[in-house]
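Line by line, the protein sequences give chains L and V. Positions 44 to 121 (my numbering) are the ones given, in order, by the first sequence. Positions 44 to 121 (my numbering) are the ones given, in order, by the second sequence. Even for Gly, the Cβ is constructed at its ideal location relative to N, Cα and C.
Protein chains: 2
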Amino acid sequence: MVSKAVFYHAGCEVCNAAEKQVASALDPQRYNVEIVHLGQSKDRLEEAERYGVKSVPALVIDGQPFHINHGADLSQLR
Amino acid sequence: MVSKAVFYHAGCEVCNAAEKQVASALDPQRYNVEIVHLGQSKDRLEEAERYGVKSVPALVIDGQPFHINHGADLSQLR
Numbered sequence: 044m045v046s047k048a049v050f051y052h053a054g055c056e057v058c059n060a061a062e063k064q065v066a067s068a069l070d071p072q073r074y075n076v077e078i079v080h081l082g083q084s085k086d087r088l089e090e091a092e093r094y095g096v097k098s099v100p101a102l103v104i105d106g107q108p109f110h111i112n113h114g115a116d117l118s119q120l121r
Numbered sequence: 044m045v046s047k048a049v050f051y052h053a054g055c056e057v058c059n060a061a062e063k064q065v066a067s068a069l070d071p072q073r074y075n076v077e078i079v080h081l082g083q084s085k086d087r088l089e090e091a092e093r094y095g096v097k098s099v100p101a102l103v104i105d106g107q108p109f110h111i112n113h114g115a116d117l118s119q120l121r
């Protein structure tokens with residue numbers, strides 16, 4: 044079964060490193076990773092907040108938020 | 044080619060969630076993930092610091108540190 048994962052970012056340098064090294068390192072046989080740029084898709088901000096995302100980059104796996112290093116707070120993207 | 048990844052933790056709840064959901068989600072065809080408990084293996088603290096690890100849980104992929112949420116600072120483990 045393939046689980047859903049969402050990687051939220053804002054195009055920052057810290058975000059890019061996390062996308063390249065962590066989000067894309069997930070097992071494609073088990074995870075379908077959607078990449079969401081919250082600076083460009085502000086309509087997804089509420090969804091990210093519902094998952095408990097406070098800052099980007101963040102990876103939500105099976106509904107659980109994992110903040111990876113720190114690029115920007117979500118409040119800065121509004 | 045299989046890259047090396049190291050997941051540093053200290054047995055904390057935040058660490059356990061990150062181990063279960065992130066470290067074990069990496070693609071086994073591309074990453075060989077070593078799990079290191081820094082509370083039990085204090086001789087690995089310096090190595091973690093050399094990678095730039097400041098807190099646990101942290102995942103080092105291809106030599107780059109990614110702090111995942113925040114369980115404990117490394118200084119608390121000495």
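Residue i vs residue j beta-carbon contact at 7 Å
| i | j | result |
| --- | --- | --- |
| L:G82 | L:G54 | yes |
| V:H52 | L:N112 | no |
| V:V76 | V:A66 | yes |
| V:D86 | V:S98 | no |
| V:L69 | L:A68 | yes |
Unbroken beta strand (DSSP E) run spanning residue i, endpoints
| i | result |
| --- | --- |
| L:K47 | S46 to H52 |
Start-to-end residues for the alpha helix (DSSP H) that takes in residue i
| i | result |
| --- | --- |
| L:Q107 | Counting along the chain, L:Q107 falls outside any alpha helix (DSSP H), though it belongs to the beta strand (DSSP E) covering Q107 to D116. |
| L:Q64 | E56 to Q64 |
Close Cβ partners of residue i (< 6 Å) along its chain, the five nearest in sequence each way excluded
| i | result |
| --- | --- |
| L:V104 | One detail in the question is off: residue 104 of chain L reads as Ile in this sequence, not Val. Contacts found: A48. |
| L:I78 | F50 |
| V:Y74 | S46 and A48 |
| L:V57 | N112 and G114 |
With 16 other Cβ atoms within 10 Å as the buried cut-off, status of residue i
| i | result |
| --- | --- |
| L:V96 | buried |
| L:P108 | buried |
| V:P71 | exposed |
| L:Q64 | buried |
Cβ neighbours of residue i in the same chain (closer than 8 Å, five flanking residues each side left out)
| i | result |
| --- | --- |
| V:E62 | F50, H52, I78 and P100 |
| L:L120 | A53, L81, G82, K85, L88 and V99 |
Proximal residues to residue i (C-beta, below 7 Å), its chain only, five neighbours per side dropped
| i | result |
| --- | --- |
| L:L102 | A48, F50, V65, A66, F109 and I111 |
| L:G106 | Y94 |
* Jot down the residue ranges of each uninterrupted beta strand (DSSP E) in the segment 70 to 98 of chain V, minimum 3 residues, whole runs only, in chain order. => Correct list: 74 to 80.
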